[in-house]
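Student: One structure is given below, represented as structure tokens, and several questions about it will come after.
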Amino acid sequence: MDELRSALEEHMDQMTDLVQKLSAELRSGLRPAYENFIGFFHAIDWKEPWLMSLLVFHLVLLIATVMSRKNTNFQMFLFLLSLAGVYLAERLNGILSGNWRNFATQNYFDPQGVFLSVLGSGPLLVIALIILKNPAGEGKRRWTMVADTTSLLEKGARKSLQLLQGLKGTQLIIPRMVIGELDCLKRYSIFRRT
0 MDELRSALEE HMDQMTDLVQ KLSAELRSGL RPAYENFIGF FHAIDWKEPW LMSLLVFHLV
60 LLIATVMSRK NTNFQMFLFL LSLAGVYLAE RLNGILSGNW RNFATQNYFD PQGVFLSVLG
120 SGPLLVIALI ILKNPAGEGK RRWTMVADTT SLLEKGARKS LQLLQGLKGT QLIIPRMVIG
180 ELDCLKRYSI FRRT
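So in this note's numbering, spot 77 of the sequence shown is number 76, and the numbers just go up one at a time.
Printed below as a string of structure tokens:
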């Protein structure tokens, strides 16, 4: 019993050393990232009117997202607006880098688009994630994929859909061309009856 206890204590000492080394490496690895973030933060003139307008826009969009959490159609509009902003960020960065003298005191728009990604696309992605994770309305949100369901006549296809549906409260409607694939799956895979 003493041998087992000493082996366990030795093992715990080794594990403690490993955790301490890992922790020290993580802290030393995060230090340069923190310093880069602080340098980025201090390099920006936060008093520029266009930058304050951008931050106010993100704040208003966030408030609109929270206030309209029960309105699914408006939430979908905000979601698409946010994703469109992220999609157009590269083009916008190119346009703004050519015209920065008209509205800014320095050129924030580098060819890699880091500034616009952090202050433009980042908040838009956060808002899009908030919309996706919003459990508003009566209980959980029901997402519906709109498609044609007229060919869902076969009982086996309906059972396959019930298998795929899975999520409670989710309505899954599959288009006609997928039904043929479901029939193949049913014949040759896990959908086959034994």
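Positions of the beta carbon are idealized from the N, C-alpha and C atoms, including for glycine.
Are the beta-carbon atoms belonging to Ile-130 and Thr-64 less than 7 Å from one another?
Tutor: Here residue 130 is taken as the residue at index 131 of the sequence shown, counted from 1. Here residue 64 is taken as the residue at index 65 of the sequence shown, counted from 1. Against a cut-off of 7 Å, the Cβ pair of Thr-64 and Ile-130 comes out as a contact.
Student: Our contact map puts Phe-108 next to Asn-92 with C-beta atoms below 8 Å; I'd like the distance itself, whole angstroms only.
Tutor: Counting from 1 along the sequence shown, the entry for residue 108 is found at position 109. Counting from 1 along the sequence shown, the entry for residue 92 is found at position 93. Contact flag correct, Cβ pair sits at about 5 Å.
Student: Using the three-state DSSP reduction, which class does Thr-149 fall into: helix, strand or coil?
Tutor: Along the sequence shown, one-based indexing puts residue 149 at 150. At Thr-149, the pLDDT of 37 sits below 50, so the modelled position is not reliable and the matter cannot be decided from this model.
Student: Assign Asn-133 to one of three DSSP states: helix, strand, or coil.
Tutor: Here residue 133 is taken as the residue at index 134 of the sequence shown, counted from 1. In the structure shown, Asn-133 sits in coil (DSSP, three-state: anything other than H, G, I, E or B).
Student: Can you tell me where the alpha helix (DSSP H) with Tyr-107 in it begins and where it stops?
Tutor: The residue you call residue 107 lines up with position 108 of the sequence shown. First-last for Tyr-107: undefined, no H or E at that position.
Student: Can you tell me whether Gly-138 is helix, strand or coil according to DSSP?
Tutor: Here residue 138 refers to the residue found at position 139 when the sequence shown is read from its first residue. Any reading at Gly-138 must be qualified, since the residue scores a pLDDT of 42, below 50, and its modelled position is unreliable; no value is offered.
Student: Does DSSP put Ser-67 in a helix, a strand or coil?
Tutor: Position 68 of the sequence shown, counting from 1, holds the residue named residue 67. DSSP places Ser-67 in coil when its eight states are reduced to three.
Student: At the level of alpha carbons, what is the spacing between Gln-74 and Arg-68?
Tutor: Position 75 of the sequence shown holds residue 74. Position 69 of the sequence shown holds residue 68. Straight-line Cα distance between these residues: approximately 7 Å.
Student: Three or more C-beta pairs closer than 8 Å, one from the segment 17-33 and one from the segment 75-92: is that the case here?
Tutor: Counting Cβ pairs under 8 Å, fewer than three are found: no touch.
Student: What's the C-alpha gap between Ala-103 and Trp-49?
Tutor: The sequence position of residue 103 within the sequence shown is 104, counting from 1. The sequence position of residue 49 within the sequence shown is 50, counting from 1. Roughly 7 Å separates the two Cα atoms.
Student: In terms of residues, what are the limits of the alpha helix (DSSP H) holding Glu-2?
Tutor: Here residue 2 refers to the residue found at position 3 of the sequence shown. Its alpha helix (DSSP H) spans residues 1-42.
Student: Please report the Cβ distance between Leu-115 and Ala-88, rounded to the nearest whole angstrom; I am assuming they are in contact, meaning their Cβ atoms lie under 8 Å.
Tutor: Residue 115 sits at position 116 when you count from the first residue of the sequence shown. Residue 88 sits at position 89 when you count from the first residue of the sequence shown. Correct: roughly 5 Å between the Cβ atoms.
Student: CB-CB under 7 Å to Leu-61, same chain, minus the five flanking residues each way: which ones, in chain order?
Tutor: Along the sequence shown, read from residue 1 onward, the residue named residue 61 stands at position 62. Ile-126.
Student: Where do the ends of the alpha helix (DSSP H) carrying Ser-96 lie?
Tutor: In the sequence shown, counting from the first residue as 1, residue 96 sits at position 97. Residues 88-97.
Student: Answer yes or no: do Gly-84 and Leu-123 have a C-beta to C-beta separation smaller than 7 Å?
Tutor: Here residue 84 is taken as the residue at index 85 of the sequence shown, counted from 1. Here residue 123 is taken as the residue at index 124 of the sequence shown, counted from 1. Against a cut-off of 7 Å, the Cβ pair of Leu-123 and Gly-84 comes out as a contact.
Student: Taking Leu-53 and Leu-118 to be in contact with their CB atoms under 8 Å, please state how far apart those CB atoms are, rounded to whole angstroms.
Tutor: Working through the sequence shown from its first residue, we reach residue 53 at position 54. Working through the sequence shown from its first residue, we reach residue 118 at position 119. Rounded, the Cβ-Cβ distance is 6 Å, consistent with contact.
Student: Between the alpha carbons of Phe-39 and Ala-6, how many angstroms are there, rounded?
Tutor: The residue given as residue 39 occupies position 40 in the sequence shown. The residue given as residue 6 occupies position 7 in the sequence shown. If you take the alpha carbons of Phe-39 and Ala-6, they lie about 50 Å apart.
Student: When you compare only the Cα positions, how much space is there between Val-113 and Ile-37?
Tutor: Translated into the one-based positions of the sequence shown, residue 113 becomes position 114. Translated into the one-based positions of the sequence shown, residue 37 becomes position 38. Straight-line Cα distance between these residues: approximately 15 Å.
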